[in-house]
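Numbering of the sequence shown is given in our numbering, commencing with residue 11 and proceeding in unit increments.
Beta carbons: idealized from backbone N, C-alpha and C, even for Gly.
Note that this is a predicted model, so its numbers are computed, not measured.
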Amino acid sequence: MLSVFKDYRLIWDTLDIAIVAYIIYRLFLLIRGTRAVQLVKGLFVLLLVGVAARILELTTVIYILDYVQMALIVAVPVVFQPELRRALEQLGRVGRGGLFASAVTLPEAEVARVIDDIATACDVLGRNKIGALIVVERETGLKDIAETGTAIDGLVSSAFLINIFVPNAPLHDGAVIIRGNRVAAAGCFLPLSENPDLSRELGTRHRAAVGMTEQSDALVVVVSEETGWISLANAGKLIRHLDDATLREMLENLMKTETSAPAPFRPLGLDLFGLRQTGRAGSSRRKGGGRGAPA
């Protein structure tokens, strides 16, 4: 009987350790590439100092650290507010569909049409070096972002998207939100990424695209007005220097297999964007490109 109990206890202890290890791993993925990494390093240093102070019986240091610990209980939720928000949003996206589902379900043929219109519009805008920022809503609702712009509720078409971003158009300076097969809003403001690892070459549009995908499961397509190159942001990562064919393939792999639900967690890399063959993105230039250096 005692042997059975020990085996039972061992199984639960192993499960307990595995759960804690998984939580730590997910927390690491959550804060990687953000300023929170430096804050975690600072907390780790304080922890080491506290352990050393107790071993060496440094009374004054222990007294100070006790008060610092009390302050951290209040400060940590404030300092890590963006990361905590992302964690709760990701937790809420674990179960697809159901009562709280916000994504619009479309027939596969309609999804293909929307993808084709987005790729065609980006190709035309890129050739003419007209900047664009197109957000495709998925499971996470973007009502708060849409409310920063002008509500439209128009059917997605390549001509419609091109006309929105034409220079001097009323809504060209901002992002378009696509919900299902409708343009929900235009001229929207997106949150900028605070990732210190992003290239300094990236402008406001690209940082906004990454920032939007850090805080939601949306896909964001960017067209650079300097070079005309197309980029795609997903899950806080940006892949650049795309042509319209590669963009179309990526969007198909990310959208058509789910229609109304986000893709599951994938390892970082091109597979995150729906491409399994390395080196595919940006490998070909459009015919008659004549573009400057990629930006």
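If you compare alpha carbons, which of the options is closest to residue i?
| i | options | result |
| --- | --- | --- |
| A195 | A245, E147 and S241 | E147 |
| E236 | E211, M222 and V220 | E211 |
| L152 | V193, V86, D207 and I74 | V193 |
| L57 | R36, Y35 and L82 | L82 |
| V50 | R123, V86, V59 and T70 | V86 |
| D207 | I155, V47 and F90 | V47 |
| R137 | E259, V176 and V84 | V176 |
| G123 | S167, A243 and Y35 | First, the amino acid is wrong: residue 123 is Arg here, not Gly. For the residues S167, A243 and Y35, the minimum Cα distance to R123 belongs to S167. |
Assign residue i to buried or exposed, taking buried as 16 or more other Cβ atoms, counted over all protein chains shown, within 10 Å of its Cβ.
| i | result |
| --- | --- |
| I65 | exposed |
| M80 | exposed |
| S95 | The sequence given here places Arg at residue 95; Ser does not occur at that position. R95 is exposed by the Cβ-count criterion. |
| W22 | exposed |
| D26 | exposed |
| D254 | buried |
| D227 | buried |
| L20 | exposed |
| R217 | buried |
| V78 | exposed |
| A31 | exposed |
| A156 | buried |
| A243 | buried |
| V121 | buried |
| D163 | exposed |
Determine the contact status of residue i and residue j, defining contact as a CB-CB distance below 8 Å.
| i | j | result |
| --- | --- | --- |
| L165 | I174 | no |
| I172 | V145 | no |
| C198 | A185 | yes |
| N191 | L135 | no |
| A63 | I72 | yes |
| L261 | I125 | yes |
| L75 | V59 | yes |
Using only the alpha-carbon positions, how far apart do residue i and residue j sit?
| i | j | result |
| --- | --- | --- |
| L39 | V55 | 20 Å |
| T130 | N205 | 30 Å |
| T158 | T150 | 17 Å |
| M265 | A245 | 14 Å |
| A142 | T214 | 11 Å |
| E118 | N263 | 12 Å |
| L280 | G52 | The predicted model places L280 with a pLDDT of 46, which falls under 50 and marks its position as unreliable, so this point remains unresolved. |
| L109 | A28 | Low local confidence applies: a pLDDT of 43 at L109 is under 50, so the model's placement there is unreliable, with the coordinate-based value given in what follows. If you take the alpha carbons of L109 and A28, they lie about 31 Å apart. |
| V231 | A219 | 7 Å |
| T24 | I33 | 14 Å |
| R250 | G238 | 11 Å |
| V89 | S209 | 24 Å |
| F170 | Q91 | 38 Å |
| V84 | T69 | 24 Å |
What whole-angstrom Cβ distance do residue i and residue j have, given they're in contact under 8 Å?
| i | j | result |
| --- | --- | --- |
| I128 | V233 | Going by Cβ atoms, the distance from I128 to V233 rounds to 11 Å, so no, they are not a contact pair. |
| S257 | C132 | Looking at the sequence provided, one finds Leu at residue 257 rather than Ser. At roughly 6 Å, the Cβ-Cβ gap stays under 8 Å, so L257 and C132 are in contact. |
| S203 | E224 | 6 Å |
| G221 | L248 | At roughly 10 Å, the Cβ-Cβ gap does not stay under 8 Å, so G221 and L248 are not in contact. |
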